[in-house]
Amino acid sequence: MVKRYDVAVVGAGTAGAVAARQAAAAGAHTVLIDAHPAADQPSVCAGLISPRTLDALGVGGEIVLRPIRGVRIQGPDGTQLRLRHPEARALVIDRRRTRGALLNAAAEAGVELLAPARCVSAAPGSLRIRLGDREETVETCVIVGADGVPSTVARSFGLGAPQWLLPARQIHLSGRLEAEDEVEVHIGCAVAPGFFAWAVPAEPGELRVGIACGPSEDPEPRLEALRERSYPGRPRARGAATIPLGAALPSIADGALLVGDAAGQVKPISGGGIYTGARCAAIAGRIAAWAALSGRTTAEDLRPYEQQWQAEIGNEIAFGMEIHRLRAGVSDRQLAAALQAASDPRVLALLAEEGDIDAPSRLVDAFLGRPELWPTLMPLIGLLGGAAPVVDAVRRIARLIRPPHL
Ligand SMILES: Cc1cc2nc3c(=O)[nH]c(=O)nc-3n(C[C@H](O)[C@H](O)[C@H](O)COP(=O)(O)OP(=O)(O)OC[C@H]3O[C@@H](n4cnc5c(N)ncnc54)[C@H](O)[C@@H]3O)c2cc1C
Numbered sequence: 014m015v016k017r018y019d020v021a022v023v024g025a026g027t028a029g030a031v032a033a034r035q036a037a038a039a040g041a042h043t044v045l046i047d048a049h050p051a052a053d054q055p056s057v058c059a060g061l062i063s064p065r066t067l068d069a070l071g072v073g074g075e076i077v078l079r080p081i082r083g084v085r086i087q088g089p090d091g092t093q094l095r096l097r098h099p100e101a102r103a104l105v106i107d108r109r110r111t112r113g114a115l116l117n118a119a120a121e122a123g124v125e126l127l128a129p130a131r132c133v134s135a136a137p138g139s140l141r142i143r144l145g146d147r148e149e150t151v152e153t154c155v156i157v158g159a160d161g162v163p164s165t166v167a168r169s170f171g172l173g174a175p176q177w178l179l180p181a182r183q184i185h186l187s188g189r190l191e192a193e194d195e196v197e198v199h200i201g202c203a204v205a206p207g208f209f210a211w212a213v214p215a216e217p218g219e220l221r222v223g224i225a226c227g228p229s230e231d232p233e234p235r236l237e238a239l240r241e242r243s244y245p246g247r248p249r250a251r252g253a254a255t256i257p258l259g260a261a262l263p264s265i266a267d268g269a270l271l272v273g274d275a276a277g278q279v280k281p282i283s284g285g286g287i288y289t290g291a292r293c294a295a296i297a298g299r300i301a302a303w304a305a306l307s308g309r310t311t312a313e314d315l316r317p318y319e320q321q322w323q324a325e326i327g328n329e330i331a332f333g334m335e336i337h338r339l340r341a342g343v344s345d346r347q348l349a350a351a352l353q354a355a356s357d358p359r360v361l362a363l364l365a366e367e368g369d370i371d372a373p374s375r376l377v378d379a380f381l382g383r384p385e386l387w388p389t390l391m392p393l394i395g396l397l398g399g400a401a402p403v404v405d406a407v408r409r410i411a412r413l414i415r416p417p418h419l
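Residue numbering for the sequence shown is 14 to 419, as defined by the numbering used here.
Shown next as structure tokens:
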């Protein structure tokens with residue numbers, strides 16, 4: 014039997030669940046297809062979000078495990094930076110409860126859930142899905158590929174792929190951090206070349222300890238080394254995953270669009286993709302429903318989706334990619350010097366006050382507005398190869414955080 018829908022969303026992660034709910038709320042007959050049963054939580058994730066992400070996901074505080082008010086950054090030479098704010102600047106969420114809340118909300122909006130069902134291929138107007146040992150066809154006006162990386166929908170339609178794929182590992186173990194409302198971050202080539210490692214307090218007495226590295230590194234032995242050194246608790250669960258960096262363009266084709274990790278809608282500085290994916294998913298769901306219901310489903314018809322999500326987070330992704338590239342060329346000695354520069358109490362206060370995990374580029378504006386702090390960065394200019402490359406990088410970054418006409 015052939016099933017027919019207006020919109021078929023492949024992947025019931027955070028992005029897919031939000032997109033499907035929006036599409037159904039806009040009047041489209043919508044199916045949400047996932048390879049894993051609804052009760053599973055297949056994503057490997059530290060579950061650290063900004064408070065505004067709850068609104069973007071359309072869920073309440075029942076998914077929150079604890080508030081986070083600070084971060085300790087462990088540098089390569091033992092330098093430690095501690096940033097703290099009296100208010101909760103982040104929240105740790107229970108990913109299983111989040112999946113449950115999102116799937117319930119989608120069902121209430123009228124979304125049909127098909128899980129476990131794996132999409133094996135996609136083409137304009139139809140999907141092939143595997144249910145147990147049989148295959149079926151799903152006919153649909155618009156396909157939303159929210160199937161993470163690698164994306165079957167992206168591959169089937171010849172769509173773009175994120176520019177970098179960072180291998181990541183995470184382990185849940187027993188333990189406590191020095192402060193129960195702070196996270197710990199470890200940076201430097203010796204610990205996590207190409208990205209960083211983290212420890213996030215989760216359920217009482219439980220930690221999520223993870224690491225992501227550059228594409229050619231193996232995070233496994235590095236995670237073990239970090240665990241032995243700093244987090245010796247009893248391991249409960251392990252997971253491996255990939256963090257996609259850089260927008261996957263094009264993200265639209267005739268009858269299809271990509272959202273979430275599949276589209277590279279991830280913040281390149283932190284690897285966080287729940288907030289950005291949810292914001293873009295709301296746009297994806299609305300436009301997919303409009304396209305399906307109006308019968309206008311060509312790539313040109315779907316272009317407003319790509320334009321709107323790029324307008325929403327494109328600059329922040331481009332800014333993050335600049336910082337990521339800059340960071341890739343920085344040695345541990347330079348990193349230690351940067352941490353030293355940032356340990357000026359006035360800089361720390363600025364970071365704690367203005368830092369926003371969803372929009373790190375705002376820090377540049379805040380810093381530019383405080384000329385008395387500029388001399389704190391002077392020692393870095395020599396380390397980064399002199400004034401010319403630094404001015405070059407600042408120019409590129411300034412173009413991203415300010416409209417070109419300013
Ligand atoms: C180690 C790690 C830590 C992270 N920590 C954070 C964090 O603290 N904060 C944050 O904001 N982000 C974090 N992220 C990123 C965040 O987890 C992702 O950006 C987010 O989960 C992406 O959501 P998504 O819905 O796009 O994709 P996913 O969550 O990957 O969901 C994709 C879904 O598609 C399904 N699927 C895949 N292929 C198929 C198929 N062929 N057919 C049917 N279904 C399919 C999968 O079963 C899955 O349910 C982390 C990522 C990693 C790897």
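Beta carbons: idealized from backbone N, C-alpha and C, even for Gly.
Residue i and residue j closer than 8 Å at C-beta
i      : j      : result
VAL213 : LEU315 : no
GLY246 : GLY26  : no
ALA135 : ALA341 : no
ALA250 : ALA261 : no
ALA32  : ALA122 : no
GLU219 : GLN87  : no
ALA301 : VAL133 : no
ALA114 : ALA181 : no
GLU335 : ILE394 : no
LEU1   : ALA354 : Absent from the structure is residue 1, since the part of the chain shown begins at 14 and ends at 419.
VAL44  : LEU127 : yes
ALA266 : ALA215 : no
CYS202 : ASP19  : no
ALA39  : GLY308 : no
ILE76  : ASP107 : yes
VAL22  : LEU140 : no
ALA130 : ARG143 : yes
ALA41  : LEU271 : no
CYS293 : ILE330 : no
ASP371 : ARG97  : no
SER63  : ALA103 : yes
ALA30  : LEU116 : yes
First through last residue of the beta strand (DSSP E) which encompasses residue i
i      : result
ASP68  : First-last for ASP68: 66-70, but that is the alpha helix (DSSP H), not the beta strand (DSSP E).
PRO257 : 248-258
VAL44  : 43-46
ALA225 : 219-225
ALA21  : 16-23
GLN270 : A small fix is needed here, since residue 270 is Leu in this sequence, not Gln. Its beta strand (DSSP E) spans residues 269-271.
SER229 : Looking at the DSSP string, SER229 is not in any beta strand (DSSP E), and its letter there is neither H nor E.
LEU262 : No beta strand (DSSP E) contains LEU262, which DSSP labels as neither H nor E.
ILE142 : 139-144
Residue span of the alpha helix (DSSP H) that contains residue i, given as start and end
i      : result
LEU104 : No alpha helix (DSSP H) holds LEU104; the beta strand (DSSP E) holding it covers 103-106.
GLY290 : 287-307
GLY327 : 312-341
LYS243 : A quick correction: the sequence has Ser, not Lys, at residue 243. It spans 232-243 - the alpha helix (DSSP H) in which SER243 sits, taken as one unbroken run.
ALA349 : 345-355
ALA36  : 27-38
CB-CB length for residue i against residue j, believed under 8 Å
i      : j      : result
GLY227 : GLY207 : 2 Å
ILE282 : GLN321 : The Cβ separation is near 23 Å, so there is no contact.
LEU425 : PRO89  : Here the chain has residues from 14 to 419 only, and residue 425 is not among them.
VAL15  : GLU152 : 6 Å
PRO263 : LEU172 : 6 Å
LEU186 : PRO248 : 5 Å
GLY290 : ALA28  : 4 Å
ARG85  : GLU195 : 6 Å
ALA210 : HIS199 : 4 Å
ALA69  : TYR318 : Contact doesn't hold; Cβ gap of about 17 Å is too wide.
ALA59  : GLY223 : 6 Å
ALA351 : GLY284 : Going by Cβ atoms, the distance from ALA351 to GLY284 rounds to 20 Å, so no, they are not a contact pair.
PHE380 : LEU363 : 7 Å
TYR244 : GLY333 : Their Cβ separation, rounded to whole angstroms, is 27 Å, which puts TYR244 and GLY333 out of contact at 8 Å.
GLN183 : ARG242 : Wrong, their Cβ atoms sit about 17 Å apart, outside the cutoff.
GLY71  : ALA118 : 6 Å
**OP:** Return the chain-ordered ranges of every beta strand (DSSP E) run that is complete within the stretch 155-215 and spans a minimum of 3 residues.
**Re:** 177-187, 195-199, 209-214
Subject >> Sequence ranges, alpha helix (DSSP H) only - wholly within the stretch 357-412, length at least 4 >> reply: At a cut-off of 4 residues, the continuous stretches assigned as alpha helix (DSSP H) that sit fully inside the stretch 357-412 are 358-367, 375-381, 391-396.
**OP:** Would you list, in sequence order, the uninterrupted beta strand (DSSP E) runs of no fewer than 3 residues that lie entirely inside the stretch 68-136?
**Re:** 77-81, 83-87, 93-97, 103-106, 125-127, 131-136
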